[in-house]
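Novice:
Following this line, the structure appears as structure tokens:
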């Protein structure tokens, strides 16, 4: 059972993700940040619950909709925003942007711009930990879209036959861009685990505690050498596929009523009510937490805006570890 | 010096590096129990165990993805792709993942990975999906080093460098070279990347050639020397990094250049080398730059078709004669 501290941490993490991404939407709409943005507003319960079940040194692999995972494991908003602004102070020194956020010092092996690519890379960090005889596990987040890629089959199969310490966590937000998960996988993503002979569980992805418990069990299994688990966490993205997706403003592939139904299942609001009922949160402390996070976001943006851009002359140094590419 | 085959040279490099560094492991199809389709890793599983000589299902994306993940987390995988043609199945992991991880991270990770692509090239009627020369595809991608050994000595020395290197290396083995023999020292050595080998010195024309074509060019050079024509034959050995200086300096000396590669000529590595010569030695050229490569068609199956497809010694000699005749 999670204690008061952890429950409040989950709540704060969800709020931090929401605030961070709401700010991105605002900055992007105002033309203040370059790039492509895939927001996970509405899906915050998954990273908040999952990351709490990890241990220091575990590997994490994310995807194009990955800000939540980064915040979930404690990356600093200032260095994240600096990356989004394309600044040298960013986690990737302005070389990666939103889709490639990573923190190798914390074994966060990165988001990824290619859907499904991380699923097979996760088998590698899993195998590496096994060969080096450490107790590290790998958690690999991916979406329902990625579950339709060939890497899903190859990666889950390899992890299964080699009993690799990997958790495959599918964030089923029900649409791969415009394509519904129910069309692409009528059998249900979690039920595919049977084909690989590994355990799977389908959870309410808008309930951080369900996610936490599933990941905790899967982590224990992975750490004790019993191999991978597939978790399907069902959720919903409120925004468009990317910031600028016209579906966000006009009905193209998602009925507005469907979006409203899911907004009514807001994971943050649900958890807030729960904490209130448990007397762990009052209107007053809730307000304090939200204010604190707002200040954190504003300060992070201020830091990122003021930070210097990288020097173009330096970029040739990052292509290879052992040589510098010519810049003409 | 003792002589061993190109196959044994590759085998020795792998064996010695696995003995030297326990983070080196092999992952691929039929590499363990079977010992590789060309016999390169025979006996490895007995020596190093199945944890380090990992037979995989037919899952090239997983082989490469697993290797990328392992390379980023402290291991030095040697991922094997049975025929270079099969890289088509796992291209994402090569060009979008392995090649770009370091750059995208702002230099905060490294990917010490060797992709040993076996069985490149035409010559034994393996047809269009088991015979291609794809070096140009990899050369075009920033973040990859591309190695094209032509001799047993270079095969061993370059593979050692590849395994010890902290960047992803595409190591391309030409299937028609596995059985050729050449001198290879017993003691440890490595061949650096980006250093071409001048196989033969001459004043009349510079001929740049790789892998199977290098051997044909050397035979032509031998024959044509009796007619008083001296070829300067250069093997770049690595296409990225490419030793431009040796090539350009040679062309400045001879005033003529011919590039011979087995790949399709269109958009090939040979085209890049020709462009570099044109950019950096134009004023020294006494004749147009010559290029020989395969025609722009898939590798055909039928023996006479395949024979016609692969650049021949006759074709090379004719091209040399034609360029020499230009005054």
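Residue numbers (this note's numbering), protein chains in the order written: chain A, 888 to 1215; chain B, 29 to 355.
Even for Gly, the Cβ is constructed at its ideal location relative to N, Cα and C.
For residue 1044/A, which residues from the same chain have a beta carbon less than 6 Å from its beta carbon, with the 5 sequence-adjacent residues on both sides left out?
Specialist: Numbered from its first residue, the first chain carries residue 1044/A at position 157. For residue 1044/A, where only same-chain residues beyond five positions count, the Cβ hits under 6 Å are 1083.
Novice: Assuming residue 1097/A and residue 915/A form a contact by the criterion Cβ under 8 Å, report the distance between their Cβ atoms to the nearest whole angstrom.
Specialist: On the first chain, residue 1097/A is found 210 positions in, with the first residue counted as 1. On the first chain, residue 915/A is found 28 positions in, with the first residue counted as 1. The Cβ separation is near 31 Å, so there is no contact.
Novice: Which of the three DSSP states is assigned to residue 148/B in this structure?
Specialist: Stepping through the second chain from its first residue, residue 148/B is reached at position 120. Three-state result, residue 148/B: strand.
Novice: Rounded to whole angstroms, what's the CA-CA distance from residue 212/B to residue 32/B? Just pull it up for me.
Specialist: By 1-based counting over the second chain, the position of residue 212/B is 184. By 1-based counting over the second chain, the position of residue 32/B is 4. Rounded to the nearest angstrom, the two C-alpha atoms are 7 Å apart.
Novice: Comparing the C-beta of residue 89/B with each C-beta of chain A, is any distance below 8 Å?
Specialist: Residue numbering aside, residue 89/B sits at position 61 when the second chain is read from its first letter. Closer than 8 Å: yes.
Novice: Buried or exposed, going by whether 16 or more other CB atoms sit within 10 Å of the CB of residue 156/B?
Specialist: Here residue 156/B refers to the residue found at position 128 when the second chain is read from its first residue. Exposed: under 16 other Cβ atoms inside 10 Å.
Novice: With a threshold of 6 Å on Cβ separation, who are the neighbours of residue 129/B within its own chain once the five nearest residues in sequence on each side are excluded?
Specialist: Translated into positions along the second chain, residue 129/B becomes position 101. These residues qualify, in order along the chain: 137, 139.
Novice: Look at the alpha carbon of residue 337/B and the alpha carbon of residue 943/A, and state the distance between them as a whole number of angstroms.
Specialist: Residue mapping note: residue 337/B aligns to position 309 of the second chain, counting from 1. Residue mapping note: residue 943/A aligns to position 56 of the first chain, counting from 1. Whole-angstrom Cα-Cα distance: 58 Å.
Novice: Could you list the residues in the region 132-144 of chain B with a C-beta less than 7 Å from some C-beta on chain A, going in chain order?
Specialist: Within the region 132-144 of chain B, the residues whose Cβ lies closer than 7 Å to some Cβ of chain A are 132, 133, 134, 135, 136, 137, 138, listed in chain order.
Novice: In chain A, which residues lie with their C-beta within 9 Å of the C-beta of residue 239/B?
Specialist: Position 211 of the second chain holds residue 239/B. Near residue 239/B there are no residues of chain A at all, since even the closest Cβ is about 23 Å away, more than 9 Å.
Novice: With a Cβ-Cβ cutoff of 8 Å, do residue 1058/A and residue 1122/A count as a contact?
Specialist: Taking the first chain and counting its residues from 1, the one referred to as residue 1058/A is at position 171. Taking the first chain and counting its residues from 1, the one referred to as residue 1122/A is at position 235. Yes, they are a contact pair.
Novice: Could you pull out every unbroken beta strand (DSSP E) segment of at least 3 residues lying fully inside the region 926-998 of chain A, listed in chain order?
Specialist: The qualifying runs are 946-948, 995-997.
Novice: Identify the continuous beta strand (DSSP E) that holds residue 199/B and give its terminal residues.
Specialist: In the second chain, counting from the first residue as 1, residue 199/B sits at position 171. Counting along the chain, the beta strand (DSSP E) containing residue 199/B begins and ends at 197-202.
Novice: So, are the CB atoms of residue 41/B and residue 205/B less than 8 Å apart?
Specialist: Residue numbering aside, residue 41/B sits at position 13 when the second chain is read from its first letter. Residue numbering aside, residue 205/B sits at position 177 when the second chain is read from its first letter. No, Cβ-Cβ distance for residue 41/B and residue 205/B is not below 8 Å.
Novice: Where in the region 175-238 of chain B do unbroken runs of the beta strand (DSSP E), each at least 3 residues long, occur, reported from the N-terminal end onward?
Specialist: Counting whole runs of 3 or more residues, the region 175-238 of chain B contains the beta strand (DSSP E) stretches 197-202, 209-211, 225-228, 233-237.
Novice: By DSSP's criteria, residue 259/B is part of a beta bridge. Which residues make up the other side?
Specialist: Position 231 of the second chain, counting from 1, holds the residue named residue 259/B. DSSP lists 233/B as partners of residue 259/B.
Novice: Quick one: is residue 1080/A buried, meaning 16 or more other Cβ sit within 10 Å of its Cβ, or exposed?
Specialist: The residue you call residue 1080/A lines up with position 193 of the first chain. With 16 or more other Cβ atoms within 10 Å, it is buried.
Novice: Can you check the region 98-169 of chain B for any beta strand (DSSP E) of at least 3 residues that lies completely inside it and give the ranges in chain order?
Specialist: With a minimum length of 3 residues, the continuous beta strand (DSSP E) runs that stay inside the region 98-169 of chain B are 104-109, 142-148.
Novice: Please list, in chain order, the chain A residues whose beta carbon lies closer than 8 Å to that of residue 98/B.
Specialist: In the second chain, residue 98/B corresponds to position 70, counting from 1. Near residue 98/B (Cβ distances below 8 Å), the residues of chain A are 1011, 1012, 1014, 1015, 1018.
Novice: Cα separation between residue 975/A and residue 1214/A?
Specialist: Taking the first residue of the first chain as position 1, residue 975/A is located at position 88. Taking the first residue of the first chain as position 1, residue 1214/A is located at position 327. Their Cα atoms are separated by approximately 19 Å.
Novice: Of the choices 1191/A, 1027/A, 939/A, whose alpha-carbon is the least far from that of residue 910/A?
Specialist: On the first chain, residue 910/A is found 23 positions in, with the first residue counted as 1. Nearest C-alpha to residue 910/A: 1191/A.
Novice: How do the region 978-996 of chain A and the region 73-92 of chain B stand: do at least 3 beta-carbon pairs fall below 8 Å, yes or no?
Specialist: Not touching, per the Cβ criterion.
Novice: What does DSSP give as the partner residues of residue 1067/A in its beta bridges?
Specialist: Against the first chain, residue 1067/A aligns to sequence position 180. Answer is 1062/A, bridged to residue 1067/A.
Novice: Using CA atoms only, rank isn't needed, just tell me which of 1136/A, 958/A, 935/A, 983/A is closest to residue 1187/A.
Specialist: Here residue 1187/A corresponds to residue number 300 of the first chain, with the count starting at 1. Nearest C-alpha to residue 1187/A: 958/A.
Novice: Excluding the 5 residues flanking residue 1031/A on each side, which residues of the same chain have their C-beta closer than 8 Å to its C-beta?
Specialist: In the first chain, the residue the question calls residue 1031/A occupies position 144. Correct list, in chain order: 1057, 1058, 1059, 1060, 1061, 1062, 1063, 1068, 1071, 1072, 1076.
Novice: Quick one: does residue 274/B have its CB under 8 Å from some CB of chain A?
Specialist: In the second chain, counting from the first residue as 1, residue 274/B sits at position 246. Closer than 8 Å: no.
Novice: Run through DSSP, which three-state label would residue 70/B get?
Specialist: Position 42 of the second chain holds residue 70/B. Residue state, collapsed to three classes: coil.
Novice: Is residue 101/B close to chain A? Criterion is C-beta to C-beta, closer than 8 Å.
Specialist: As a working note, residue 101/B is residue 73 in the second chain. At least one chain A Cβ lies under 8 Å of residue 101/B.
Novice: What is the DSSP secondary structure of residue 1027/A, counted as helix, strand or coil?
Specialist: Along the first chain, one-based indexing puts residue 1027/A at 140. If DSSP states are grouped into helix, strand and coil, residue 1027/A belongs with the strands.
Novice: In chain A, which residues lie with their C-beta within 8 Å of the C-beta of residue 171/B?
Specialist: For the purposes of this step, residue 171/B is identified with residue 143 of the second chain, where counting begins at 1. By Cβ distance, chain A contributes 1206, 1207.
Novice: Is it buried or exposed for residue 1169/A, if we count other Cβ within 10 angstroms and need 16 for buried?
Specialist: As a first step, residue 1169/A must be located in the first chain, where it is residue number 282. That one is exposed.
Novice: Between which residues of its own chain and residue 345/B is the CB-CB distance below 8 Å, once the five residues before and five after are set aside?
Specialist: In the second chain, the residue the question calls residue 345/B occupies position 317. 248, 251, 252, listed in sequence order.
Novice: I want to see whether chain A comes within less than 8 Å of residue 306/B, judged by CB atoms only; does it?
Specialist: Within the second chain, the letter at position 278 stands for residue 306/B. It does not; no Cβ of chain A falls within 8 Å.
Novice: Just tell me which of 1054/A, 979/A, 1038/A has its CA closest to the CA of residue 1087/A.
Specialist: In the first chain, counting from the first residue as 1, residue 1087/A sits at position 200. When each option's Cα is compared against that of residue 1087/A, the closest is 1054/A.
Novice: Using the beta-carbon of each residue, which ones in chain A are nearer than 8 Å to residue 84/B?
Specialist: Taking the first residue of the second chain as 1, we reach residue 84/B at position 56. The answer, in chain order, is 1045.
Novice: Would you mind working out which of 150/B, 231/B, 90/B sits nearest residue 325/B, comparing C-alpha positions?
Specialist: Residue mapping note: residue 325/B aligns to position 297 of the second chain, counting from 1. Closest by alpha carbon: 150/B.
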